[in-house]
Structures are given as C-alpha cells and as structure tokens.
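Report on the following structure.
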Amino acid sequence: MGCTRLECGDINECANNNGGCDQKCINTPGNFTCACNVGYELFLSNGTAGFSIDKSETGERDGDIFQRNKTCVPVMCPPMDNPENGLIMSTKVSYGINFLDINN
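Structure follows, in structure tokens:
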C-alpha cells in the first residue's frame, strides 16, 4: 500500500468575475472577501445605509439588486446637528456647507 502526496493550491476567486464583488475583491488563502471604495459600504443586511432587499429577492442569488457581502451601497451622511453659534436655515433635505472668512 503506497502513499501519494497531495498538494493544495489556492484558487483565486477574484480572477473570475471579480469574485462577484461589486467593487473590490480581495483574495485570501482558501477564500475571498469583497470591499468597497471610499464613500461606499458593503451591504450586509436590510437597513445597511437605508437600503433593503426587494421582497422577490433573497440577497444571495446572482442577479439580485443587493447581494449580501458583495454589493456596495453609498454611505449616507447623518443629519446635521444645530451649530453652537448659529442656525441652519434651510428646508432642503440635503445641502452643502460653505464657510466664509470673516477677516476679509
């Protein structure tokens, strides 16, 4: 009875369709993980950044709009707090802030 040496090699899951990841695929020995660019976060479950899976989808199948641990969704900024020395005077839901130099 003889023995045969078995060797294992890592399969780069990221090489095929980016591992199914929306933005970044990171290959690790025996596995892979998805990651997102700055300004995005990985969709983990309903409610991530305010996004939810449609009732007709599972979040686990190719073709689902939001796939758990694969889809990146934009990070939503929290609502602004009132400033210490001033007021926010806007009825907009979203807005930008510009600061003026009062010394000029």
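Residue numbers for the sequence shown follow full-length UniProt numbering, beginning at 1 and rising by one. Note that the Cβ used here is the ideal one computed from N, Cα and C, for glycine as well. Every value quoted in this text rests on a predicted model; they were computed, and no experiment measured them.
Determine the burial state of residue i: buried for a count of at least 16 other Cβ atoms within 10 Å of its Cβ, exposed for fewer.
i	result
residue 22	buried
residue 65	exposed
residue 30	exposed
residue 63	exposed
What separation, rounded to the nearest whole angstrom, lies between the Cα atoms of residue i and residue j?
i	j	result
residue 18	residue 41	17 Å
residue 14	residue 27	6 Å
residue 87	residue 38	30 Å
residue 105	residue 35	Lying before the first or after the last residue shown, residue 105 is absent from the chain, which here runs from 1 to 104.
residue 8	residue 16	19 Å
residue 32	residue 72	16 Å
residue 78	residue 85	20 Å
residue 10	residue 55	37 Å
residue 25	residue 80	33 Å
residue 49	residue 6	46 Å
DSSP on residue i, reduced to helix/strand/coil?
i	result
residue 71	coil
residue 34	strand
residue 27	strand
residue 13	helix
Thinking residue i and residue j are a contact (beta carbons under 8 Å), I'd like their distance in whole angstroms, please.
i	j	result
residue 45	residue 68	7 Å
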